[in-house]
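Position 174 (the sequence shown) corresponds to 176 in this note's numbering; numbering is contiguous. For each residue, glycine too, the CB sits at the ideal point set by N, CA and C. So the structure is just underneath, and the comments pick up after that.
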Amino acid sequence: MDKSLIIALDFAGKQEVNQFLNHFNDEKLFLKVGMELFFQEGPSIIYDLKEKGHDIFLDLKLHDIPNTVKGAMKGLARLGCNLVNVHAAGGKEMMSAALEGLEAGTPAGQSRPACISVTQLTSTSEEQMREEQLVQVPLEESVLHYAALTKKAGLDGVVCSTFEAKSIRQILGQSFLTVAPGIRLQSDDVQDQKRVATPAYAKSEGASAIVVGRPITKSVNPLEKYIEFKQSWEGVHQ
Ligand SMILES: O=C(O)c1cc(=O)[nH]c(=O)n1[C@@H]1O[C@H](COP(=O)(O)O)[C@@H](O)[C@H]1O
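As structure tokens, this is what we get:
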């Protein structure tokens, strides 16, 4: 998990996923399956990707009452993903319930998927947070607050932007995961993301892992683009 470059498979179905993965030959990847793909294909997409030897982040961002999240996580634990997530805004009780569900559902002899919370989405600016959520503290403080709550609930880390990763690990410890989406090379379009950084900067801020979607998945040469991101992330040619 540590130092992974996770590719977000935001595709509408298996056919598009297979076409995309054909570019990578036999390379073992860390892949993120989100709502778009999972809501179409269901658990079978996870089994297919696992059979090919890939690691999986199942990104369904659960946010509901504790009992519902616990039951959902119990079922998801059986899929054998490496990483799952919830929204920290669901609260400490909901996050603890997610963990209980995962522990109850993990088959004997297997390890429980790591569980992280989404703090403030990387598509949210401080201005939006103030106006739409009525949160009047600086955005970094809100993220740090959610991260501390997440740790208290017993989870393994958070999704945050690169800009909060260093403070979170300084305060909550180096083993607390900071998974950073909103990653772009200098030349890439930021699209709907607001808090955006390069892989090299994410590395320098000590992010545990980065998540990259469209710059790789929509590229005419996905493998070449993936290698470019990986080299920036791993500190080659800087
Ligand atoms: O939980 C996530 O993965 C996530 C949280 C967040 O705050 N921001 C964010 O962009 N993501 C996900 O990370 C991916 C980023 O995709 P691109 O913007 O295409 O690189 C998408 O699949 C998002 O769902």
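| Query | Result |
| --- | --- |
| Cβ contact (3+ pairs, closer than 8 Å) linking the region 181-193 and the region 141-157 | no |
| Run of the beta strand (DSSP E) containing D57, from where it starts to where it stops | 57-64 |
| Outcome for A10 when other beta-carbon atoms lying within 10 angstroms are tallied against a minimum of 16 | buried |
| Those runs of the alpha helix (DSSP H) which lie wholly inside the region 153-186 and span at least 4 residues | 164-174 |
| Cβ-heavy atom distance, A211 to ligand 1, below 7 Å | no |
| Distance cut-off 7 Å: V318 Cβ against heavy atoms of ligand 1 | No statement about residue 318 is possible, as the shown extent of the chain runs from 3 to 240 and does not include it. |
| Nonlocal neighbours in the same chain, by C-beta distance under 7 Å from D76, ignoring five residues either side | Note that residue 76 is Lys in the sequence shown here, rather than Asp. G103, A106, G107. |
| Integer Cβ distance of L179 from S206, believed to fall under 8 Å | Rounded, the Cβ-Cβ distance is 17 Å, inconsistent with contact. |
| Exposed unless 16 or more other CB atoms sit within 10 angstroms - verdict on V222 | exposed |
| Backbone CA spacing between A149 and N27 [nearest angstrom] | 37 Å |
| Cβ shell of Y228 (< 6 Å), same chain only, five flanking positions each side left out | I218 |
| Rounded C-alpha distance that separates A100 from V88 | 8 Å |
| Identity of the residues DSSP links to P6 by a beta bridge | Correcting the residue identity first, residue 6 is Ser in this sequence and not Pro. Partner(s): A211. |
| Proximity test, I47 beta-carbon vs ligand 1 heavy atom, cut-off 7 Å | no |
| Pick from P109, H56, K34 that is closest to K63, judged by C-alpha positions | K34 |
| Q172, buried or exposed, once every other Cβ within 10 Å from all chains shown has been counted against 16 | exposed |
| For F32: DSSP bridge partner residues | I8, D57 |
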